[in-house]
Amino acid sequence: MDLPLLIGVTGGIGSGKSMVCRLFECLDIPVYYADSRAKWLTNNDPEIREKVIALLGDEAYDSGGMYNTRYVASRVFRNEPLLKELNAIIHPVVLSDTKAWVMQNAGAPYVLKEAAIMAKAGHANAVDVVVVVEAPVELRVQRILQRDKRPEQEIRAIIERQVSDESRREIADYIVNNDDASELIPQVLHLHKLFLKRKLSQH
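In this note's numbering, each residue carries its 1-based index in the sequence shown increased by 17.
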């Protein structure tokens with residue numbers, strides 16, 4: 018089976034990675050939103066539910082049966098071993114879900130996987146190429162303030178906890194600048210051409 022290239026798209030909160038993915042969707046490229054899909058699976062996959070409750074107790078899901086993010090976050094915050102155990106439950110299911118999704122989109126020349134956390138292409142993940150979306154921190158803070166109505170302190174704390182831009186650059190095969198000075202569409206079109214060419218060169 019000829020599978021499409023899997024392009025990983027990542028970036029910090031407020032960098033605009035979802036916006037970049039939406040532009041690719043306008044070019045008829047399928048996108049797998051890993052973080053929202055992981056949330057969906059955590060709510061709907063019986064195997065995940067069973068293991069999460071065994072790890073964190075009944076309170077991990079609320080009375081309506083939905084994943085209790087607040088409670089879980091409070092349990093795993095600053096508890097690295099517990100967080101690792103939780104990830105070990107969710108990540109394998111998301112990975113096999115991604116693989117199944119890639120197969121469903123076998124007709125596409127390439128597909129995108131958007132995720133907040135990503136390893137280098139070929140390292141413990143199935144992506145062929147990593148695209149990192151970047152924007153200056155101050156601009157990201159402003160964007161999230163407008164979007165989420167969260168207190169600024171909370172936003173800065175999230176950015177602090179996330180992987181640094183330097184670390185992201187180390188895994189990047191390509192960087193998309195999403196500051197106010199750079200236009201996004203030409204950058205996306207340029208990558209689109211590169212990925213199509215790369216796919217053709219495989220045949």
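Even glycine gets a Cβ: it sits at the ideal position worked out from N, Cα and C.
Looking at the DSSP output, residue 131 sits in a beta bridge with 26 and 50. Cβ contact annotation for residue 64 (same chain, cutoff 8 Å, sequence separation greater than five): 110, in chain order. One alpha carbon belongs to residue 45, the other to residue 212, and they sit about 14 Å apart. In this chain, residue 194 is not harboured by any alpha helix (DSSP H); it is covered by the beta strand (DSSP E) spanning 191-194. For residue 150, the uninterrupted beta strand (DSSP E) run begins and ends at 146-151, by DSSP.
For residue 209, same chain residues with a beta-carbon under 8 Å away, outside a window of 5 residues either side, are 41, 44 and 46 in chain order. In this structure, the beta-carbon distance from residue 48 to residue 129 falls below 8 Å. Residue burial annotation: residue 115 is buried, with at least 16 other C-beta atoms found within 10 angstroms of its C-beta. With contacts defined as CB atoms closer than 8 Å, residue 119 and residue 28 fail to qualify as a contacting pair. About 5 Å separates the beta carbons of residue 84 and residue 60, which is inside the 8 Å limit, making them a contact pair.
As summarised for the segment 60-145, the continuous beta strand (DSSP E) elements at least 3 residues long and confined to that stretch are 127-131, given in chain order. Fewer than three Cβ pairs drawn from the segment 74-91 and the segment 162-174 lie within less than 8 Å of each other, which leaves the two stretches out of contact.
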